[in-house]
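Visitor: Oh and the sequence shown: position 4 is 5 in our numbering, straight run, nothing missing.
Quick one: structure below, then a few questions.
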Amino acid sequence: MRLSNSLFRLDRFAVIFYFCLWLPLGATTVAISNLDQTPTSNVAVGKQSGFNFQEAGSFTTGGTAYSLDSISLDIVLASVSASDFTLSLYTGMSTAGPTGLVATLVGSSHPTVGINEYDADAAIMLLSSSTYWIVASAPDTAVGTGFGVRSTTSTSEDAGGLADWTIGDTRWLTNNGGTTWSQGASGALLEFSVNVTSSSVPDGGMTSVLFGIALVGLFVLRRKFASA
């Protein structure tokens, strides 16, 4: 009975060890941000002044792929009865609107004034050297209500971001709910940050090596206990 219990503990240790190999390894970091740039105004999102505004800004990744954790926006205005604020991620933009939906991020449909985070609710890998567009909208908010997202005319990024990541120097918008899009003429850019993790799981090669070591160790120990 003592030998069986020992072997059971060894088997259980191997299972726990292998499970731990798949725990998240990467810490969250700010890949790129312009939230510390001098604000100049805010841009409208929602159904205000007889229009239906949506706003878009872009960022381009560096030479390494990362998992998206969240995107943060600075909200400066929010109508009391406004609703349905939505932040989505796309891979392209044209006069016909955004293309290549990557994900609709998870966050408050009525964000309060201040920094608001919108999270990836599933694994989203941001590919290396690729451009992505974030689109803020409130398609079902009541007429006459909406939000204001802080903007800046600075084309600089905050210090401390990842190497070769940039924020695009052009903002796109629609005032008719997405029927047609155009580049913003004011020079104002959305203020936001992109937060990432280096990896959600270890690479497959390293996992195989570690698991192999664990199996060899388990085999040796089982033989040792079995011959005792």
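Here a beta-carbon is modelled for each residue, glycine too, at the ideal position from N, C-alpha and C.
In whole angstroms, what separates the C-alpha of Gln-184 from that of Thr-41?
Guide: Near 18 Å, if we compare the C-alpha coordinates of Thr-41 and Gln-184.
Visitor: Kindly list the residues whose CB is nearer than 6 Å to the CB of Thr-29, restricted to its own chain and excluding five residues on each side of it in sequence; keep chain order.
Guide: These residues qualify, in order along the chain: Asp-70, Asn-196 and Thr-198.
Visitor: Per the contact definition of three or more C-beta pairs closer than 8 Å, is the region 136-144 in contact with the region 79-94?
Guide: Yes, since at least three Cβ pairs between the region 79-94 and the region 136-144 fall closer than 8 Å, the two stretches touch.
Visitor: What three-state label does DSSP hand Ala-15 in the structure shown?
Guide: At Ala-15 the pLDDT is 48, less than 50, meaning the model places this residue with poor confidence; the figure from the coordinates comes in the next sentence. Ala-15: helix per DSSP, three-state reduction.
Visitor: Can you find the residues in the same chain that come closer than 6 Å, C-beta to C-beta, to Phe-52, ignoring five residues on each side of it along the sequence?
Guide: Same-chain partners within the cutoff: Asn-176.
Visitor: Can the beta-carbon of Thr-154 be found less than 8 Å from the beta-carbon of Ser-59?
Guide: It is not a contact, given that the beta carbons lie outside the stated cut-off.
Visitor: For Asp-75, count neighbouring Cβ atoms within 10 angstroms of its own Cβ and tell me buried if that reaches 16, exposed if not.
Guide: Per the 10 Å Cβ criterion, buried.
Visitor: Using the Cα positions of Leu-127 and Ser-194, report the straight-line distance between them to the nearest angstrom.
Guide: Roughly 14 Å separates the two Cα atoms.
Visitor: At the level of alpha carbons, what is the spacing between Ala-97 and Val-103?
Guide: Looking at the two C-alpha atoms, the distance is approximately 17 Å.
Visitor: Please classify Gly-115: is it buried, with 16 or more other beta-carbons within 10 angstroms of its beta-carbon, or exposed?
Guide: Classification for Gly-115: exposed.
Visitor: With DSSP run on the structure shown, which of helix, strand or coil describes Phe-52?
Guide: Coil at Phe-52, not helix or strand.
Visitor: On a Cα-Cα basis, can you pick out the residue from Trp-182, Gly-188, Leu-36 and Gln-38 that is closest to Ser-95?
Guide: It is Trp-182.
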